[in-house]
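Data block below; observations after.
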């Protein structure tokens with residue numbers, strides 16, 4: 023590649039201030055490289071400004087020259103001015119496999135309904151298998167080892183999480199956990215109707231509890247159905263004009279359950295106090311949009327927060343009964359860009 027750049031420079035199509043051809047190439051190949059070049063250009067203009075003595079700004083030249091001097095002065099003096107130290111680092115993501123993607127997928131809640139002495143009115147979750155299939159497909163493409171665990175009681179959820187907490191992740195770059203179940207504020211339900219706090223699941227992977235994941239991204243996606251206040255199925259109008267029936271509601275879990283340390287991402291299906299939707303035939307709006315955007319954008323070098331913004335946009339444009347809406351909400355303590363390279 024360096025030889026190619028040298029030849030481009032010899033032919034006059036690449037230079038310090040002549041990057042248009044290279045930008046056009048990167049626009050087609052890798053958007054993140056394009057952004058690095060654009061950041062370099064901003065940095066370059068800032069370095070050029072340093073060479074202009076302060077007393078000369080605005081003292082010579084016409085209005086255009088004066089305006090340029092003022093603009094450069096603002097760029098140089100501003101705390102937000104781009105320089106090499108302000109570029110965001112990227113989490114290492116080169117191990118094979120990248121890490122483990124654990125899917126905790128609860129469908130049948132017959133045990134909860136039959137519980138003694140306190141049965142819970144938790145219905146089964148048709149459509150969750152569609153989400154699980156999509157998550158498996160996408161994270162395998164992203165070079166993760168996918169492990170799905172189905173219909174877990176509360177203690178089984180804890181045991182599965184503890185197994186992965188105790189694993190040695192030193193040779194891996196990331197950990198992902200996708201939780202598909204019923205829930206309410208701050209908890210998810212086991213299929214026996216017992217509660218498991220979200221905070222308990224996330225804090226299992228802090229630096230103290232799981233040292234081999236220290237400094238590495240820990241990603242959680244939570245799609246949790248409403249518990250006792252299950253809504254009756256309604257009709258949803260899709261973008262194609264076709265109708266999808268038996269949409270069911272899910273409830274949001276609060277983002278207060280991210281550990282108070284770096285390198286965590288918690289993706290929630292919807293904002294506080296609002297419902298989200300699941301179709302028995304097509305899966306949930308949130309997980310399906312998440313998988314589609316990961317599959318489309320990761321090969322293009324997009325980072326996870328950009329992808330989640332696109333997921334927010336897509337889900338927010340959907341409507342149930344032409345009135346009810348849904349808005350996902352990510353919370354994070356990431357300190358670097360998180361990019362899942364496909365190649």
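Residue numbers (this note's numbering): 23 to 365.
Even for Gly, the Cβ is constructed at its ideal location relative to N, Cα and C.
Please confirm whether residue i and residue j have their CB atoms less than 8 Å apart.
i, j, result
"residue 241", "residue 167", "no"
"residue 239", "residue 157", "no"
"residue 213", "residue 175", "yes"
"residue 198", "residue 209", "no"
"residue 160", "residue 324", "no"
"residue 335", "residue 307", "no"
"residue 280", "residue 224", "yes"
"residue 154", "residue 170", "yes"
"residue 288", "residue 362", "no"
"residue 333", "residue 163", "no"
Using the DSSP secondary-structure output, state which residues sit across from residue i in a beta bridge.
i, result
"residue 129", "In DSSP, residue 129 forms no bridge with anything."
"residue 288", "242, 353"
"residue 209", "206, 219"
"residue 123", "168, 198"
"residue 325", "361"
"residue 37", "40"
"residue 112", "359"
Assuming residue i is part of the alpha helix (DSSP H), what are its boundary residues?
i, result
"residue 48", "42 to 51"
"residue 366", "As shown, the chain starts at 23 and ends at 365. That puts residue 366 outside it, with no answer to give."
"residue 178", "176 to 188"
"residue 315", "307 to 319"
"residue 348", "Looking at the DSSP string, residue 348 is not in any alpha helix (DSSP H), and its letter there is neither H nor E."
Taking the beta strand (DSSP E) that residue i falls in, what are its first and last residues?
i, result
"residue 172", "166 to 172"
Quick check on the burial criterion: 16 or more other C-beta atoms within 10 angstroms. Buried or exposed for residue i?
i, result
"residue 46", "exposed"
"residue 282", "exposed"
"residue 357", "exposed"
"residue 27", "exposed"
"residue 38", "exposed"
"residue 110", "exposed"
"residue 51", "exposed"
"residue 29", "exposed"
"residue 116", "exposed"
"residue 35", "exposed"
"residue 237", "exposed"
"residue 261", "Unreliable positioning characterises residue 261 in this predicted model, as indicated by a pLDDT of 32, which lies under 50. The coordinate reading is nonetheless provided below. Flag for residue 261 reads exposed."
"residue 124", "buried"
If you pair each beta-carbon of the stretch 190 to 209 with each one of the stretch 123 to 131, do three or more pairs fall below 8 Å? yes
Three-pair Cβ contact test at 8 Å for the stretch 326 to 343 versus the stretch 310 to 317: Counting Cβ pairs under 8 Å, three or more are found: they touch.
Spell out a yes or no on whether the stretch 186 to 199 and the stretch 142 to 154 are touching, meaning 3 or more CB-CB pairs, one atom from each, closer than 8 Å. no
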